[in-house]
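Colleague:
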Amino acid sequence: VLNYFEQKCQRSKQLAARTAEVIPGGVQHNLAFNYPFPIAADRCDGAHLWDVDGNQYIDFLQAGGPTLLGSNYAPVRKKVHELLDHCGPVTGLFHEYEVKLAELIRQYMPNIEMFRMLGSGTEGVMGAIRLARAYTNKKWIIKIGGAYHGWSDQMVYGMRLPGTGRREAIGIPSGSTAYTQECFPNDLDALRRKLWLNKLRGGTAAVIVEPLGPESGTRPIYEDYNRQVRALCDEFGALLIFDEVVTGFRIGMGGAQGYFNVRPDLTVFGKCLTGGYLMAGGIGGRKDVMMLLAGGIGSTSKRAFVGGTLSANPLSCVAGYHAIAEMARTNAAVVAGRAGDRLCKGLSEIVDRLGLPYVVYNQGSIVHLQTSAVLLMSMRNPIKLMKEVNARKHMMEEMGAAYMAHGLVTLAGSRIYTSMADTDAIIDEALNRFETVLRL
Ligand code: PMP
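Mapping of the sequence shown onto the UniProt record's numbering: position 304 corresponds to residue 352, and the numbering continues sequentially without gaps.
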């Protein structure tokens, strides 16, 4: 398979050799898929992606999740072009689309009483944590083991679960992570113990969760988990932060909070905001908490400082407004969810037929194809789980490369995002390609 991959992707290989000279690791994102070498994209459209060698792929990476409408969605692209021609990319002043975007988000997610636009999910998480600390006057933050909340000092901690070595945590002084704690997914007793202990030493500012479970449900949570976490937060006076960087709009126009009917105090947004069209992130939530961001130059009231030059650039705001409007108009989450259901059903049949030790499950447009060992251990023994994951990491990389060689892009060989552009015919073609690889 690797030979086949190399033959098909000669130009990518040449470019990869050049990137290795000037870009550490050859890619601009440490988590990016790059085995046996990174593939250089040429263009994307709807459900498909083409590389610089002219190979076409069915794209289930969908830029890491945001392009629910399909890649390079023409109606949003047109609005971005119009604004670019009219206004240019950045002015430094406020733009009408900022308020239109905030109002539209509130229309579909009523918990987002106020909204602050930022540049990425990482920034959104940093801002939400600062706000939670400012509001509660407490310092501890509890996250769930295995969850990814971006690469800030305080959150990159725990990219590997306790006991397995924190491989990503070099360059971060221990003081920066001193007030970040982790709980294993689904372990409510441990969460209660931590909240209780923290109460004796300054209190917990916030519990932050990915509402589908760590890494978009790679480690699934029980149906009632978010509700129980909400109740514990209320009991101990901590804020609940939902990280909806992936789930916002993808799970439905109301996000995961609408789906689970659980009200977070703060919500973090990311790339989902613009349907992946342009860089974006943000924080939204309760007005009394969000108002801590208010106050301008000359104001004497205290405020938490959050924001940047390009935070709410007009291009990202116009892309966000029209992407969200289009997701609502087209019922994108439901359409992409149906594609996810079809793919999940088809993959389950293939895995059963071939007798493979895989488990396939989905939450609408987010589909997981995992080894059953990984899944079972995620419930019982997280340390063993991470050992297993690390042991299989190379296997998953090889699987990812094999899928690519057969015209499928996935996230690390195990996670699949469908989009509104995935027709039944495309899903059926994808199933054929998956079966070819799974038979190898
Ligand atoms: N939170 C979650 C749940 C994510 O999946 C990601 C990125 N995939 C982030 C935060 C970080 O977002 P960004 O890459 O925009 O900084």
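Each residue gets a CB set at the ideal place from its N, CA and C atoms; glycine is no exception.
On the DSSP letters alone, give me the boundaries of the alpha helix (DSSP H) that residue 474 sits inside.
Modeller: 472–486
Colleague: On the premise that residue 85 lies in contact with residue 452, defined as a C-beta separation below 8 Å, what is that separation, rounded to the nearest angstrom?
Modeller: Actually they are not in contact, since the Cβ atoms of residue 452 and residue 85 sit about 11 Å apart, beyond 8 Å.
Colleague: Any chance you could list the alpha helix (DSSP H) runs of at least 4 consecutive residues sitting entirely within the stretch 113–178, in chain order?
Modeller: 122–135, 144–156
Colleague: Taking 8 Å as the cut-off, decide whether the C-beta atoms of residue 172 and residue 179 are in contact.
Modeller: no
Colleague: For residue 332, which beta-bridge partners are listed by DSSP?
Modeller: 163, 315
Colleague: Short of 6 Å in beta carbon distance, which residues of its chain neighbour residue 380, apart from the five on each side in sequence? Order them along the chain.
Modeller: 116, 117, 468
Colleague: By how many angstroms is the C-alpha of residue 153 removed from the C-alpha of residue 296?
Modeller: 10 Å
Colleague: Taking 8 Å as the cut-off, decide whether the C-beta atoms of residue 174 and residue 332 are in contact.
Modeller: no
Colleague: Using a threshold of 8 Å, state whether the C-beta atoms of residue 234 and residue 270 are closer than that.
Modeller: yes
Colleague: Report the partner residues of residue 459 according to the DSSP bridge assignment.
Modeller: 463
Colleague: Can you say whether residue 147 is buried or exposed, counting buried as having 16 or more other CB atoms within 10 angstroms of its CB?
Modeller: The residue is exposed, with fewer than 16 neighbouring Cβ atoms inside 10 Å.
Colleague: Is it right to say residue 122 is buried, meaning 16 or more other beta carbons lie within 10 angstroms of its own, or is it exposed?
Modeller: exposed
Colleague: Quick check: what's the CA-CA separation for residue 75 versus residue 69?
Modeller: 11 Å
Colleague: Grouping DSSP H, G and I as helix and E and B as strand, with all else coil, what is residue 92?
Modeller: strand
Colleague: Comparing the CB of residue 194 with every heavy atom of ligand 1, is any distance shorter than 7 Å?
Modeller: no
Colleague: Can you look up residue 494 in the DSSP assignment and give me helix, strand or coil?
Modeller: In the structure displayed, the chain extends from 49 to 488; residue 494 sits before or after that span and is not available.
Colleague: Measuring only from the beta carbon, is residue 170 closer than 7 Å to any heavy atom that is part of ligand 3?
Modeller: Questions concerning ligand 3 fall outside what the structure shown contains, since the ligands it does hold are ligand 1.
Colleague: Applying the 10 Å Cβ sphere with the 16-neighbour rule, what's the burial state of residue 207?
Modeller: Interpretation of residue 207 is limited by its pLDDT of 47, a score under 50 that renders its predicted location unreliable; no figure is taken from the coordinates.
Colleague: Closer than 7 Å: is that where the CB of residue 75 sits relative to any heavy atom of ligand 1?
Modeller: no
Colleague: Return yes when the C-beta of residue 491 is under 7 Å from any heavy atom of ligand 1, and no when it is not.
Modeller: Since the displayed the chain opens at 49 and closes at 488, residue 491 lies outside it and no answer follows.
Colleague: Measuring alpha carbon to alpha carbon, tell me which residue in 483, 186, 399, 388 is nearest residue 298.
Modeller: 388
Colleague: Put residue 199 into one of helix, strand or coil per three-state DSSP.
Modeller: coil
Colleague: Looking only at DSSP bridge pairs, what is residue 229 linked to?
Modeller: 190
Colleague: Using a threshold of 8 Å, state whether the C-beta atoms of residue 466 and residue 342 are closer than that.
Modeller: Contact flag unset, no.
Colleague: Between residue 109 and the rest of its own chain, which residues show a CB-CB distance below 6 Å, the 5 nearest in sequence each way excluded?
Modeller: Annotation for residue 109: 457, 459 place their beta carbon closer than 6 Å to its own, counting only its chain and skipping 5 residues before and after.
Colleague: Spell out a yes or no on whether the stretch 364–381 and the stretch 312–325 are touching, meaning 3 or more CB-CB pairs, one atom from each, closer than 8 Å.
Modeller: yes
Colleague: Specify the secondary structure class of residue 416 as computed by DSSP and reduced to three states.
Modeller: strand
Colleague: Starting from the Cα of residue 57, find the closest Cα among 454, 311, 227 and give me that residue.
Modeller: 454
Colleague: Would you mind working out which of 352, 285, 126, 351 sits nearest residue 248, comparing C-alpha positions?
Modeller: 285
Colleague: Is residue 410 helix, strand or coil when you go by DSSP?
Modeller: strand
Colleague: To which residues of the same chain is residue 231 closer than 7 Å at the C-beta, ignoring the five residues directly before and after it?
Modeller: 190, 192, 193, 238, 239, 242
Colleague: Tell me which residue opens and which closes the alpha helix (DSSP H) that residue 295 is part of.
Modeller: Where residue 295 is concerned, there is no enclosing alpha helix (DSSP H), given that its DSSP letter is neither H nor E.
Colleague: Measuring alpha carbon to alpha carbon, tell me which of 350, 318, 328, 327 ends up nearest residue 337.
Modeller: Residue 350 is the option with its Cα nearest to residue 337.
Colleague: From residue 376 to residue 301, what does the alpha carbon distance come to, in whole angstroms?
Modeller: Near 7 Å, if we compare the C-alpha coordinates of residue 301 and residue 376.
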